[in-house]
Amino acid sequence: MPELPEVETVARGVDERVRGRSIVSVRLGRKPEPFKTPRTAMLAALEGRSIAGVHRVGKHIVVDLAEAQDGSVRMQWLVHLGMTGRLLVSHADVPVPTHTHAALHLDDGRELRFVEARLFGRLALHAIRDGEGFAGTGREPLTISAEDFVTLFSGRNAPIKALLLQQTLLHGVGNIYADESLFRSDILPNRRASSLSRAELLRLRRALQSVLRRAIARGGSSVSDYVDADGVRGFFQLEHCVYMRTGQPCRVCGHPIQRSVVAGRGTHSCVHCQK
Numbered sequence: 126m127p128e129l130p131e132v133e134t135v136a137r138g139v140d141e142r143v144r145g146r147s148i149v150s151v152r153l154g155r156k157p158e159p160f161k162t163p164r165t166a167m168l169a170a171l172e173g174r175s176i177a178g179v180h181r182v183g184k185h186i187v188v189d190l191a192e193a194q195d196g197s198v199r200m201q202w203l204v205h206l207g208m209t210g211r212l213l214v215s216h217a218d219v220p221v222p223t224h225t226h227a228a229l230h231l232d233d234g235r236e237l238r239f240v241e242a243r244l245f246g247r248l249a250l251h252a253i254r255d256g257e258g259f260a261g262t263g264r265e266p267l268t269i270s271a272e273d274f275v276t277l278f279s280g281r282n283a284p285i286k287a288l289l290l291q292q293t294l295l296h297g298v299g300n301i302y303a304d305e306s307l308f309r310s311d312i313l314p315n316r317r318a319s320s321l322s323r324a325e326l327l328r329l330r331r332a333l334q335s336v337l338r339r340a341i342a343r344g345g346s347s348v349s350d351y352v353d354a355d356g357v358r359g360f361f362q363l364e365h366c367v368y369m370r371t372g373q374p375c376r377v378c379g380h381p382i383q384r385s386v387v388a389g390r391g392t393h394s395c396v397h398c399q400k
C-alpha cells in the first residue's frame, strides 16, 4: 500500500501538472467499491469546477475544487490509493488503462485518471465548513513536535510498531517506514511503547522524519505497483535497510535480517542492532 512518501510524491506531481485547470467532464466507473460518495453527487461536484490545488493529508490525496463563480474552495475530492491505486495525468488520446474508476477531462485536453485493480482504493467528497478542510484521522508525522510525539506514545502498552501503524495516532506511516525508522533508531519493533525512554522516543521521531523526507526526495518506494503521476517508479527501495531484506546481511553489522509478525504485519529487523 502506498504510504506517506508515495502519496506525497503523487500529490506533488499531480498538483504541478493540473493546478488551475478546469474540469470539463467526468467519467466514473460502474464498480461501487471505490465510491464512498454517491456517483451522482460526485459528478455534480466535479464537473465545471477548477482544480485550485492538490496536497496530501495522511494517506489521502486532497484535490481542492474551486467554484466557477468566485474561485472559492468549498469542496474537496479525496483520493485514497488503496493497495495498488494510481492517480495519473495522461493525454486524452492515451489508451485508458483497465480498472480506471474515474477520469477527469481537463480543459487542456489531458485527463486525471484514478486506476485501481484491487478495489481497495476510495473516492469521496469532503465539504469544507467553517473553513475546515479535510484533516485526516491522526497527527502529521513530518510536523509533530518532539513533546507531542513523546506524549502520544508514552505509557502505551502496545508494541511500538503497532502504534506507528495506528492511523488515529500518526497518519501516513505504514509497514515500510515503520520498519525502516525503527531500525534507524535502534529499537526493536515488538518493544512496548511504555518501555521506551524519552530519549528513545525522541530518537525514533528524528529517524522517522528523516526516513520520510529522504523517501520523498527519492520519489517513494516502488516495491509493488506504486508509480508517480507520470507512471514513473520511485527509488527509495534501493536504500531500504531492513524492509523485505529477510536473510540478507544487515547494512550495519552484517548479521542476517530477520522477519517476524507484529500487529499482524510482516516485520523486518536486525536483532543485533535493535534493542
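Offset between the sequence shown (1-based) and our numbering: plus 125.
No residue lacks a Cβ here, since even glycine has one placed at the ideal position from N, Cα and C.
Because the structure is a prediction, the values reported are computed rather than measured.
- Message: Between the alpha carbons of arginine 338 and aspartate 233, how many angstroms are there, rounded?
- Response: Counting from one through the sequence shown, the residue named residue 338 turns up at place 213. Counting from one through the sequence shown, the residue named residue 233 turns up at place 108. Straight-line Cα distance between these residues: approximately 33 Å.
- Query: In three-state terms, what does DSSP make of glutamine 383?
  - Reply: What you label residue 383 is simply residue 258 of the sequence shown in a count that begins at 1. Reduced to three states, the DSSP call for glutamine 383 is strand.
- Item | For proline 374, three-class secondary structure by DSSP | Indexing the sequence shown from 1 puts residue 374 at position 249. Strand, per DSSP.
- Item | Which residues DSSP lists as bridging arginine 264, in chain order | As a working note, residue 264 is residue 139 in the sequence shown. Looking at the DSSP assignment, arginine 264 forms a beta bridge with Leu295.
- Query: Per DSSP, serine 147 forms a beta bridge with which residues?
  - Reply: On the sequence shown, position 22 is the one that residue 147 refers to. For serine 147, the pairing in a beta bridge is given by DSSP as Ser175.
- Query: Would a C-beta distance cut-off of 8 Å place serine 210 and glutamate 257 closer than the cut-off?
  - Reply: For this step, residue 210 is matched to residue 85 along the sequence shown. For this step, residue 257 is matched to residue 132 along the sequence shown. Checking the sequence shown, residue 210 turns out to be glycine, not serine. Not a contact, by the Cβ cut-off of 8 Å.
- Taking all protein chains shown into account, do 16 or more other C-beta atoms lie within 10 angstroms of the C-beta of valine 377, making it buried, or fewer, making it exposed? Reading the sequence shown from its first residue, position 252 is the one you call residue 377. Under this definition valine 377 is an exposed residue.
- Task: Measure the Cβ-Cβ separation of serine 394 and phenylalanine 278 and say whether it is below 8 Å.
- Result: Taking the sequence shown and counting its residues from 1, the one referred to as residue 394 is at position 269. Taking the sequence shown and counting its residues from 1, the one referred to as residue 278 is at position 153. No. Outside cutoff.
- Secondary structure at isoleucine 301, three-state DSSP: helix, strand or coil? Numbered from 1 along the sequence shown, position 176 holds the residue referred to as residue 301. Isoleucine 301 falls in the helix class under three-state DSSP.
- Message: Tell me which residues share the same chain as histidine 296 and place their Cβ nearer than 6 Å to its Cβ, disregarding the 5 neighbours each side in the sequence.
- Response: Within the sequence shown, residue 296 is the residue found at index 171, counting from 1. Excluding residues up to 5 positions away in sequence, Gly183, Gly261, Thr262 and Gly263 lie with their Cβ nearer than 6 Å to the Cβ of histidine 296 in the same chain.
- Task: Any chance you could list the alpha helix (DSSP H) runs of at least 4 consecutive residues sitting entirely within the stretch 236-289, in chain order?
- Result: Those alpha helix (DSSP H) runs which fall completely within the stretch 236-289 and span 4+ residues are 271-278.
- CA-CA distance, alanine 287 and glycine 173? Taking the first residue of the sequence shown as 1, we reach residue 287 at position 162. Taking the first residue of the sequence shown as 1, we reach residue 173 at position 48. Straight through space, the alpha carbons of glycine 173 and alanine 287 are spaced by roughly 43 Å.
- Message: Does the contact criterion of 3 or more C-beta pairs under 8 Å hold for the stretch 130-147 versus the stretch 354-366?
- Response: Enough Cβ pairs lie closer than 8 Å, so yes.
- Query: Name the DSSP beta bridge partners of serine 394, please?
  - Reply: Taking the first residue of the sequence shown as position 1, residue 394 is located at position 269. Beta-bridge partners assigned by DSSP to serine 394: Gln383.
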